[in-house]
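Working notes, structure below.
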Amino acid sequence: MVYLVTAVSEDTANQFTTRSSAYSLDASLGCIGIGIATASFIHMLSFPWWMSMITGQLLLAATLLLLFFPRSIFVLCLFLLSSLTFWFQRLPFVPNHIFFEMLIHASMIGTVLAVGACNWKKRLPAVELRAAIYEQMRPVIMSSLIIMYLFTVLHKLNWDFLNPAVSCAVSMHKELAASVPIIPSSEWTQWPTIIGTLLIELAIPIGLWWRTTRVATVILGLLFHWFLALHPHGGIYSFSHLLYALYAVFLFSSHDNPFQIWQRMPKFGVLAAKLAAVFIFGLACFLQIRAYRTGGSFFTANAIGFYAWLLFALWLTATYAPMLRKAGWRSAPEPMVRPLRILWIFPALVFFNGYCPYLSLKTTTAFSMFANIRTEGTGNNHLFMHRLKLFGYQDDLVEVLGSNDRQLQQYVKTKDLLTWFELRRITSSRKRENLFVKYKRSKDPEDILFKKKGAPKDAELLKPHPWYLSRFLVFRPIGRLDKPMPCRH
């Protein structure tokens, strides 16, 4: 194996040039390009915010360009920048997998810049440069994906996830069974669901780590995330497709041909297939808009997106099928180069993001979705992870006793606690002059009445957070500390 520390070596370049004439070395880069382009389509079907935003329209244009020119480095970078710009505007209120995708996209841009800088004077042929970029991306994305999976399991190792009365595994299984009646939902399924969830979610990162089990693990992952996508909660099939797309880096090196199954298709057939993908996406968007305008529910629009996703997922699975069949239980290809040292910063960022709840930082977008995890205040429910009290965000809690704000009224009904950080985010964003909030703060045992009009006792509640905090810190509502933590996204 050839290793690379600071630049692509001549030996590696020679490896890239000794190839079959039946395919190009940048085919695998094209595969990951099409994969993340279709993932962008699926995100748009899951989260229709893009329709009303200029950056959303630009992202759509960049997605279309990447679909038709998946091997172009310029188009890839344009798409990645468009995606990051669009989702940055939505921070911090984005799903966990979207934040993970942002980290992946940032790593891909970083890889392009790093490889380009190292080979600035070498004048590598374009195909070899694209192959080098792909080989540098592979270990970074592979490491990031394994870290993300491990944190989803780590967060679930808490007393309340293991409590069938409140476990997210049990509640989501019941919701899934309500949508898919053939799935059993009797009481006997509760513990198998809890244990099975933990075992499968742990088996996937461990299996992806070992080269000899990667192919079998990808098959397990495809089946598991297809099953998860059946759940009616918004965005789950979007998460599944992102992982479907990223599995490509475990299966293909730059010497493999991901498009083997489509090789016999004439060029106009490839174009027709891409136009069909655009048509499916456009038709699904049209049907979703029509459903909303005719009084249809979110579940109707979500179902439309799900059926469109099935077609895209089927295409990716068919693309992977020859490699899955050919490799069987044998080893998947290892990355051909060692990534530049600077690129390890991106897996480190993924690790830091997942560890945030235990550093007294954010509790959402930390890969802690549907985990029952609670680290705030004195209510830490993890089996063994203790929170380091490096910051005060998770200890400064508020109980809302009354308010004329609709969102805060919900917390009065549920008796959920909020962090002071989130209460300040809400009150500082409200424009109504007669806003009032009655609350009890953990630092002050007395009830406090905040009124926006006049001279409030807590003027801090009118002051927005600095942008660098408001964009990246977000805390979920907290169940009462004297009761089990209910299932929350």
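Here our numbering is used: the first residue of the sequence shown is 158, the next is one more, and so on.
Glycine included, C-beta positions come from ideal geometry on N, C-alpha and C.
Treat the numbers as computed from the prediction; the structure is a model and nothing was measured.
(request) May I have the straight-line CA-CA distance separating Pro643 from Leu281, to the nearest angstrom? (result) Taking the sequence shown and counting its residues from 1, the one referred to as residue 643 is at position 486. Taking the sequence shown and counting its residues from 1, the one referred to as residue 281 is at position 124. In a straight line, the C-alpha of Pro643 is about 56 Å away from that of Leu281.
(message) Please classify Glu533 as buried or exposed, where buried requires at least 16 other C-beta atoms within 10 Å of its C-beta.
(response) Residue 533 sits at position 376 when you count from the first residue of the sequence shown. Classification for Glu533: buried.
(message) Please state whether the Cβ-Cβ distance between Leu182 and Val272 is less than 8 Å.
(response) Stepping through the sequence shown from its first residue, residue 182 is reached at position 25. Stepping through the sequence shown from its first residue, residue 272 is reached at position 115. Against a cut-off of 8 Å, the Cβ pair of Val272 and Leu182 comes out as no contact.
(message) Am I right that Ser397 and Trp383 are in contact with their C-beta atoms under 8 Å? What's the rounded C-beta distance?
(response) As a first step, residue 397 must be located in the sequence shown, where it is residue number 240. As a first step, residue 383 must be located in the sequence shown, where it is residue number 226. Confirmed, Cβ separation roughly 7 Å.
(request) Give every residue of the same chain whose Cβ lies closer than 7 Å to the Cβ of Gly353, excluding the five residues on either side of it in the sequence, and list them in chain order. (result) Residue mapping note: residue 353 aligns to position 196 of the sequence shown, counting from 1. Closer than 7 Å at the Cβ level, and outside the excluded window around Gly353, lies no residue.
(request) Ignoring anything shorter than 3 residues or poking outside the segment 382-418, list the beta strand (DSSP E) runs there in chain order. (result) none
(message) I want to know whether the segment 589-598 touches the segment 620-637 - three or more CB-CB distances under 8 Å.
(response) no
(request) Check Thr309 in the structure and name its three-state DSSP category. (result) Locating residue 309 in the sequence shown gives position 152, where the first residue counts as 1. In the structure shown, Thr309 sits in a helix (DSSP, three-state: H, G or I).
(message) Closer than 8 Å is the cut-off here; do at least three beta carbon pairs connect the segment 297-315 with the segment 360-369?
(response) yes
(message) From the DSSP secondary-structure annotation, give me the bridge partner or partners of Ile635.
(response) If you number the sequence shown from 1, residue 635 lands on position 478. Ile635 pairs with Leu574.
(message) Taking the straight line between their C-alpha atoms, what separation do you get for Leu270 and Phe257?
(response) The residue given as residue 270 occupies position 113 in the sequence shown. The residue given as residue 257 occupies position 100 in the sequence shown. Cα-Cα distance, rounded: 20 Å.
(message) So within the segment 483-557, which uninterrupted alpha helix (DSSP H) runs reach at least 4 residues, ignoring any that extend past its ends?
(response) 502-512
(message) With H, G and I counted as helix, E and B as strand and the rest as coil, what does DSSP make of Ile351?
(response) The residue given as residue 351 occupies position 194 in the sequence shown. Here Ile351 sits in helix by DSSP.
(request) Determine the contact status of Lys702 and Phe593, defining contact as a CB-CB distance below 8 Å. (result) The structure shown has nothing for residue 702, since the chain only spans 158 to 646.
(request) Check whether the segment 542-559 touches the segment 335-348, taking contact to mean three or more Cβ pairs, one atom from each stretch, closer than 8 Å. (result) no
(request) Pick helix, strand or coil for Val594, following the three-state DSSP scheme. (result) The residue labelled residue 594 in the question sits at position 437 within the sequence shown. If DSSP states are grouped into helix, strand and coil, Val594 belongs with the strands.
(request) Below 8 Å on the Cβ atoms is my guess for Phe416 versus Thr476; work out the distance and round it to an integer in Å. (result) Start at 1 with the first residue of the sequence shown, and residue 416 comes out as number 259. Start at 1 with the first residue of the sequence shown, and residue 476 comes out as number 319. Indeed, because the Cβ distance is near 7 Å, the residues count as touching under 8 Å.
(request) Quick one: give me the first and last residue of the alpha helix (DSSP H) that Leu233 is part of. (result) Locating residue 233 in the sequence shown gives position 76, where the first residue counts as 1. Segment Ile230 to Arg247, the alpha helix (DSSP H) holding Leu233.
(request) Report the residue from Gln246, Asn253 and Phe231 whose alpha carbon sits nearest the alpha carbon of Met526. (result) For the purposes of this step, residue 526 is identified with residue 369 of the sequence shown, where counting begins at 1. Measuring from the Cα of Met526, the nearest candidate turns out to be Asn253.
(message) Comparing C-alpha positions only, which one of Arg637, Phe541, Ile530 and Lys588 sits nearest to Leu575?
(response) Here the question's residue 575 lines up with position 418 in the sequence shown. The option with the nearest alpha carbon to Leu575 is Arg637.
(request) Taking all protein chains shown into account, decide if Met208 is buried (16 or more other Cβ within 10 angstroms of its Cβ) or exposed. (result) On the sequence shown, residue 208 is found 51 positions in, with the first residue counted as 1. Under this definition Met208 is an exposed residue.
(message) Can you tell me whether Ala612 is helix, strand or coil according to DSSP?
(response) Sequence index remark: in the sequence shown, residue 612 carries index 455 (1-based). Residue placement at Ala612 is flagged as unreliable, the pLDDT there being 48, under the threshold of 50; the coordinate-derived value follows with that caveat. In the structure shown, Ala612 sits in coil (DSSP, three-state: anything other than H, G, I, E or B).
(message) Going by DSSP, what residue range makes up the alpha helix (DSSP H) through Arg280?
(response) Here residue 280 corresponds to residue number 123 of the sequence shown, with the count starting at 1. Element bounds for Arg280: n/a, residue is neither H nor E.
(request) Put Gly260 into one of helix, strand or coil per three-state DSSP. (result) Mapped onto the sequence shown, residue 260 falls at position 103. In the sequence under discussion, the amino acid at residue 260 is Leu, which differs from the Gly named in the question. Three-state result, Leu260: helix.
(request) Just mark Gln420 as buried or exposed, buried being the case when its beta carbon has 16 or more other beta carbons within 10 Å. (result) Counted from its first residue, the sequence shown places residue 420 at position 263. When all chains shown are included, Gln420 counts as exposed.
(request) Go through its chain and collect everything with a Cβ distance to Phe225's Cβ below 7 Å, but skip five positions before and after it. (result) Position 68 of the sequence shown holds residue 225. Here the set comprises Lys431.
(message) Given a cut-off of 8 Å on the beta-carbon distance, is the pair Ile530 and Asn315 in contact?
(response) Walking along the sequence shown from the start, residue 530 turns up at place 373. Walking along the sequence shown from the start, residue 315 turns up at place 158. Yes; because the gap between Cβ atoms is below 8 Å, this pair is in contact.
(request) Tell me whether Gly559 sits in a helix, a strand or coil according to DSSP, three-state version. (result) Counting from one through the sequence shown, the residue named residue 559 turns up at place 402. Three-state result, Gly559: strand.
(request) Check whether the Cβ atoms of Ser185 and Phe503 sit closer than 8 Å, and answer yes or no. (result) The residue labelled residue 185 in the question sits at position 28 within the sequence shown. The residue labelled residue 503 in the question sits at position 346 within the sequence shown. Result no, Cβ atoms of Ser185 and Phe503 do not sit closer than 8 Å.
(message) I'd like the span of the alpha helix (DSSP H) that includes Cys644, first residue to last.
(response) Here the question's residue 644 lines up with position 487 in the sequence shown. Where Cys644 is concerned, there is no enclosing alpha helix (DSSP H), given that its DSSP letter is neither H nor E.
(request) Would you decide whether Asp601 is buried or exposed? Buried here means 16 or more other CB atoms lie within 10 Å of its CB. (result) Numbered from 1 along the sequence shown, position 444 holds the residue referred to as residue 601. The residue is exposed, with fewer than 16 neighbouring Cβ atoms inside 10 Å.
(request) Report yes if the CB atom of Cys234 is closer than 8 Å to the CB atom of Ile266, and no otherwise. (result) One-based indexing of the sequence shown puts residue 234 at position 77. One-based indexing of the sequence shown puts residue 266 at position 109. Cβ distance < 8 Å, so Cys234 and Ile266 count as in contact.
(request) Compute the distance between the beta-carbons of Arg628 and Leu248, then report whether it is under 8 Å. (result) Your numbering for residue 628 matches position 471 in the sequence shown. Your numbering for residue 248 matches position 91 in the sequence shown. Yes. Within cutoff.
(message) For Ser229, tell me which candidate among Leu506, Ala460 and Ile189 has the shortest Cα-Cα distance.
(response) As a first step, residue 229 must be located in the sequence shown, where it is residue number 72. Per the Cα distances, Ile189.
(message) Closest to Ile357 by C-alpha separation, out of Val310, Leu440 and Tyr449, would be which residue?
(response) Taking the sequence shown and counting its residues from 1, the one referred to as residue 357 is at position 200. Closest option to Ile357, Cα to Cα, is Val310.
(request) In angstroms with no decimal places, state the Cα-to-Cα distance between Leu403 and Glu603. (result) The residue you call residue 403 lines up with position 246 of the sequence shown. The residue you call residue 603 lines up with position 446 of the sequence shown. Taking the straight line joining both Cα atoms gives about 52 Å.
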